[in-house]
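To start, the structure itself, in structure tokens.
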Amino acid sequence: MQSRPGSQATHGYGLNVDAGHPAPHPMPSSTDWYDTNAPAIARTYESLEADRLNAWMADLLPTGRGAALDVGAGSGRDAAWLAHRGLDVIAVEPSNSMREQAISLHPSAPVRWLRDALPDLREVLRTGLAFDVILLSAVWMHVAPADRARAFRKL
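Position 155, counted from 1, in the sequence shown is what numbering that gives the first Met the number 0 calls 154; the numbers after and before it change by one each time, with no gaps.
Below is the structure:
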């Protein structure tokens, strides 16, 4: 993030970037930050071509039918990519605004959207489904270290 000298630019997580000190406001939750900034975040995510970004895993996907879980699905780019490869996709996104962006950006993608989050994934567990592929892209840093073991068990 760039700022002018003497400015008080802050990152979405309450850090005064110029001084390296806490900003005068309380630190918002990750979900609040994504809700507030969803259109800009979605534009950034969608600017990356899914085929190129996900090429590393293309040959690892199940052939034929399979089920995929995209946790922290954001703009829906990767969930749509998985669905267009024939997978039944459940996309989990705790941010209402990001989910709305995803649904509007990928209306033809056969993706089932859930409002859910790690470490619990209560809604996913209620489906009773098992998954052949579980994708977490830029998600793990949002899970508190103390919650990571539980999150892994839920996956």
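Quick reminder that beta carbons are idealized off the backbone N, C-alpha and C, glycines included.
Buried/exposed call for residue i, threshold 16 Cβ in 10 Å
i: D69; result: buried
i: R121; result: exposed
i: R98; result: buried
i: V142; result: buried
i: A129; result: exposed
i: A145; result: exposed
i: L47; result: exposed
i: S103; result: exposed
i: A67; result: buried
Test item: CB-CB of residue i and residue j under 8 Å
i: A49; j: D77; result: yes
i: R111; j: I89; result: yes
i: V91; j: D58; result: no
Same chain only: Cβ atoms within 6 Å of residue i, ignoring 5 sequence neighbours per side
i: N36; result: none
i: G65; result: L86, D131
i: A79; result: H105, A108
i: P23; result: Model confidence at P23 stands at a pLDDT of 41, short of 50, so the residue's coordinates are unreliable and nothing is read from them.
Boundaries of the alpha helix (DSSP H) in which residue i is found, first to last residue
i: V238; result: One cannot answer for residue 238 here, as it falls past the ends of the chain, which runs 0 to 154.
i: L135; result: L135 -> not in any alpha helix (DSSP H); beta strand (DSSP E) instead, spanning 132 to 135.
i: A90; result: From DSSP, A90 is part of no alpha helix (DSSP H) but of the beta strand (DSSP E) over 86 to 91.
i: A129; result: Here A129 belongs to no alpha helix (DSSP H), and DSSP marks it neither H nor E.
i: E99; result: 95 to 104
i: W139; result: First-last for W139: undefined, no H or E at that position.
i: P38; result: 29 to 45
Other residues of its chain near residue i: CB distance less than 8 Å, five sequence neighbours each side excluded
i: A137; result: G71, G73
i: L124; result: K153
Supposed close pair residue i, residue j - CB separation, criterion 8 Å
i: P118; j: R84; result: Not really, about 28 Å apart at Cβ, beyond 8 Å.
i: T30; j: P93; result: 5 Å
Range of the contiguous beta strand (DSSP E) that encloses residue i
i: A54; result: A54 -> not in any beta strand (DSSP E); alpha helix (DSSP H) instead, spanning 54 to 57.
i: V110; result: 110 to 113
Sequence-distant residues of the same chain with beta carbon closer than 7 Å to residue i, five excluded per side
i: A82; result: V88, A108, P109, V110
i: R147; result: none
i: Q100; result: A37, P38, A41, S74
i: L154; result: I133
Min CB distance residue i to chain B below 8 Å
i: N36; result: Although the question refers to chain B, the structure presented lacks it and comprises just one protein chain.
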